DNA sequence: CTCCTTCAACTGGCATGTTAGTTGACAGGT
DNA sequence: ACCTGTCAACTAACATGCCAGTTGAAGGAG
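Residue numbers (our numbering), protein chains in the order written: chain A, 201 to 432; chain B, 201 to 432.
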């Protein structure tokens with residue numbers, strides 16, 4: 201395992217050094233370049249990133265408070281492992297926030313918002329047809345972000361993302377065999393229809409049903425990637 | 201302004217020094233000992249707490265990522281100010297989570313949980329009668345914490361607290377003139393009744409109505425404490 | 001009197017030396 | 001062969017020195 205590729209990134213960003221290190225590590229953890237359970241050696245990170253221990257320590261501290269790394273006092277720092285119970289909690293929280301968001305958007309939506317959602321949905325259909333799973337994944341994320349953005353509460357999307365960091369890592373694991381983009385598009389379509397009809401109840405129900413799919417598909421992962429999960 | 205009183209606290213806690221400093225500062229900010237907008241001088245904090253700059257910097261970094269302090273690079277660190285728009289966002293998020301929680305609890309509740317909620321509610325009635333606003337405030341917080349605890353998701357209560365840190369500070373401002381504990385008790389009673397009846401819709405509605413009260417009572421604060429609010 | 005320039009003092013950010021605690025392996029005894 | 005006590009190497013945590021950017025006040029020009 202090497203992180204030589206990250207050395208390039210480090211000075212292509214701006215802002216305080218500590219924050220750049222934080223971003224690099226965070227991205228690496230979220231896209232599983234640093235896999236769950238991996239031990240992070242401060243000394244090695246300093247050397248490979250070409251910075252001193254202060255910004256690295258600061259970055260690891262923030263990641264720890266986000267739950268992305270576990271710091272064992274005086275001993276070691278490791279990328280936090282996944283756990284089904286934690287994924288279920290995050291799923292619950294994410295559903296709570298997104299259901300509330302879609303209800304508000306259904307009540308307040310304007311034509312421009314409908315247009316942007318509709319455009320994103322057509323893009324999803326195209327990507328699904330082309331079997332471009334990576335692109336589809338991003339369009340999917342965008343769809344949900346758009347809805348939260350349309351609440352008029354700028355921090356809501358960020359908060360929802362913060363609440364479901366583990367979920368985001370777990371989703372990467374089932375990316376290759378996505379396999380059900382068509383169903384996803386239909387579920388998204390149902391959500392958009394409810395928003396267009398300004399039917400709050402239907403919007404809640406559609407979003408809830410859609411998000412409920414994820415946790416069932418996540419359950420088998422614990423067997424498929426046992427080393428990525430916290431021993432229970 | 202002095203923080204001499206905190207010097208006693210610092211070694212009465214345990215764990216890493218950085219985390220102790222973090223706790224002390226966090227508590228001070230949340231109970232408005234450090235009022236919104238106040239400038240925090242790293243050097244002064246180090247001297248008064250009797251520690252070096254490393255743990256203080258670490259603590260301020262975490263507080264910054266929580267939004268409790270604003271760090272102006274190369275210049276100053278200040279306790280973050282309140283803003284009505286931010287309070288509205290947090291109110292929205294808090295309502296989303298607590299409404300989802302109460303619906304789940306209404307579905308799953310057992311007798312022991314009903315007993316504990318009922319006991320807390322009787323305590324609230326007593327404290328309201330005695331005009332013990334401080335005690336009532338704590339019982340109120342406990343009531344909501346109990347519901348979130350009963351979801352079976354241990355992190356939900358913590359997440360909800362994390363999402364509404366500004367809200368928590370703002371509530372302190374209207375503590376002295378609480379004035380409506382009786383209405384609050386009745387709203388709590390309605391929530392408990394819905395939980396007992398396992399009526400999810402009623403539970404959602406009761407919780408939503410209850411939490412909706414807060415933001416209207418918060419609105420006048422911007423005039424009453426202009427220095428605590430971000431200039432808009 | 002007002003505005004601009006300059007400079008000194010202060011701040012946060014970073015690097016690095018030092019300390020204390022944990023861990024795992026090795027050696028010695030059972 | 002196995003258990004146990006000891007020790008060496010490693011880690012995170014802390015202290016401190018240094019630097020660069022910001023700010024605000026003082027002084028000079030208009």
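For every residue, glycine included, the Cβ atom is placed at its ideal position computed from N, Cα and C.
Just so we're clear, the structure is a prediction, and the values are computed from it rather than from any experiment.
Beta-carbon neighbours of residue i, restricted to chain A and to distances below 7 Å
i	result
residue 261 (chain B)	258, 261 and 262
residue 353 (chain B)	289 and 292
residue 345 (chain B)	The contacting residues do not exist; residue 345 (chain B) stays about 16 Å from chain A at best.
Cβ neighbour criterion (16 or more within 10 Å) applied to residue i
i	result
residue 340 (chain A)	buried
residue 268 (chain B)	buried
residue 252 (chain A)	exposed
residue 412 (chain A)	exposed
residue 429 (chain B)	buried
residue 228 (chain A)	buried
residue 263 (chain A)	buried
residue 291 (chain B)	buried
residue 224 (chain A)	buried
residue 375 (chain B)	exposed
residue 239 (chain A)	exposed
residue 275 (chain A)	exposed
residue 327 (chain A)	buried
residue 282 (chain B)	buried
residue 320 (chain A)	buried
residue 243 (chain B)	exposed
residue 277 (chain B)	buried
residue 369 (chain B)	buried
residue 315 (chain B)	exposed
residue 384 (chain A)	buried
residue 381 (chain A)	buried
Cβ shell of residue i (< 7 Å), same chain only, five flanking positions each side left out
i	result
residue 284 (chain B)	419 and 422
residue 280 (chain B)	236, 267, 268, 269 and 270
residue 207 (chain A)	Annotation note: pLDDT 47 at residue 207 (chain A) (below 50); position unreliable, no value reported.
residue 323 (chain A)	339
residue 318 (chain B)	392
residue 390 (chain A)	406
residue 245 (chain B)	256
residue 299 (chain A)	404, 407 and 408
residue 295 (chain B)	408 and 411
residue 232 (chain B)	369 and 372
Test: residue i CB closer than 9 Å to a CB of chain A
i	result
residue 339 (chain B)	no
residue 217 (chain B)	no
residue 304 (chain B)	yes
residue 419 (chain B)	no
Where residue i meets chain B, residues with beta-carbon distance less than 8 Å
i	result
residue 242 (chain A)	What residue 242 (chain A) touches in chain B: nothing, since even the nearest Cβ is about 14 Å away.
residue 356 (chain A)	289, 292 and 293
CB contact check: residue i to chain B, cutoff 9 Å
i	result
residue 224 (chain A)	no
residue 422 (chain A)	no
residue 265 (chain A)	yes
residue 286 (chain A)	yes
residue 368 (chain A)	no
residue 207 (chain A)	Summary for residue 207 (chain A): the model assigns pLDDT 47, below 50, so the residue's position carries little reliability; its value from the coordinates is reported in the next sentence. Output row for residue 207 (chain A): interface = no.
Residue i: contacting residues in chain A (beta-carbon distance under 8 Å)
i	result
residue 273 (chain B)	216
Partner residues on chain B for residue i, Cβ-Cβ distance less than 7 Å
i	result
residue 359 (chain A)	293 and 363
Under 9 Å by beta carbon: chain B residues contacting residue i
i	result
residue 300 (chain A)	292, 293, 295, 296, 297, 299 and 300
Residues near residue i in its chain [Cβ-Cβ closer than 6 Å; skip 5 each side]
i	result
residue 297 (chain A)	360
residue 302 (chain A)	347, 403 and 407
residue 350 (chain B)	305 and 313
residue 201 (chain A)	Low local confidence applies: a pLDDT of 42 at residue 201 (chain A) is under 50, so the model's placement there is unreliable, and no value is given.
residue 293 (chain B)	363
residue 309 (chain B)	395
Same chain only: Cβ atoms within 8 Å of residue i, ignoring 5 sequence neighbours per side
i	result
residue 307 (chain A)	398 and 400
residue 434 (chain B)	What the structure shows of chain B is the stretch from 201 to 432, and residue 434 (chain B) is not part of that stretch, so it cannot be assessed.
Please list the segments of the alpha helix (DSSP H) lying wholly inside the segment 241 to 292 of chain A, counting only runs of 4 or more residues, in order along the chain. 242 to 249 and 253 to 265
Alpha helix (DSSP H) segments (min. 4 residues) lying fully within the segment 279 to 367 of chain A: 284 to 308, 311 to 329, 333 to 349 and 354 to 363
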